[in-house]
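Q: Here it is: the structure, laid out below.
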């Protein structure tokens with residue numbers, strides 16, 4: 400019985416397990432301090448309203464560093480029927496997250512703003528997944544720029560986005576795509 404190819408797969412598996420340990424060590428020794436320092440530098444040089452750095456470390460080896468814009472009043476209130484009471488809808492202003500994955504790699508995500516009780520929040524958008532040695536300071540600036548682009552587009556939402564069939568409006572209903580009418 401020739402198990403040569405099996406041994407190469409076993410060696411690859413062992414290497415991946417070793418990488419996980421090395422990546423986790425790098426998170427604590429290099430990556431987290433670099434993220435905190437770089438993001439703090441950006442916040443000191445930029446005037447980003449209500450931005451704070453949040454470190455989440457309640458689950459070991461699944462830690463995260465987050466640039467969070469917090470929550471505010473959305474300016475929208477719901478009139479509660481027959482009570483004269485108004486309920487304020489809260490707006491989450493969005494965040495940029497560096498999340499340590501189970502295998503020690505780092506997932507970079509954007510959480511778009513949303514208003515609680517007004518539609519559904521979009522799922523977090525993954526920008527990329529990086530090995531610790533791939534995450535460099537210039538990448539962080541690029542991530543912050545992508546985050547700012549996303550939150551600005553959300554705040555400036557309108558229907559002036561290009562549409563598939565060249566329409567200047569959003570059609571209502573379904574089967575408005577490219578299917579031909581019978």
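Numbering (my numbering), first residue to last: 400 to 581.
Quick reminder that beta carbons are idealized off the backbone N, C-alpha and C, glycines included.
Can you name the start and end residues of the beta strand (DSSP E) that residue 549 belongs to?
A: Per DSSP, residue 549 belongs to no beta strand (DSSP E); it is in the alpha helix (DSSP H), 536-554.
Q: Using beta-carbon positions only, say whether residue 495 and residue 529 come within less than 8 Å of one another.
A: Contact: no.
Q: Consult DSSP for residue 474 and reduce its assignment to one of helix, strand or coil.
A: In the structure shown, residue 474 sits in a strand (DSSP, three-state: E or B).
Q: Going by the CB atoms, is the gap between residue 452 and residue 439 shorter than 8 Å?
A: Their beta carbons are under 8 Å apart, which means residue 439 touches residue 452 by this criterion.
Q: Which residue wins for smallest C-alpha separation from residue 492, given the options 416, 424 and 468?
A: Minimum Cα distance to residue 492 is reached at 468.
Q: Alpha carbon to alpha carbon, how far is residue 426 from residue 506? Give it in angstroms, no decimals.
A: In a straight line, the C-alpha of residue 506 is about 12 Å away from that of residue 426.
Q: Would you give the residue range spanned by the beta strand (DSSP E) that residue 532 belongs to?
A: Per DSSP, residue 532 belongs to no beta strand (DSSP E) and is neither H nor E.
Q: Only counting runs of 4 or more residues, tell me where the alpha helix (DSSP H) segments fall wholly within the region 418-446, in order along the chain.
A: Qualifying alpha helix (DSSP H) stretches, in chain order: 431-444.
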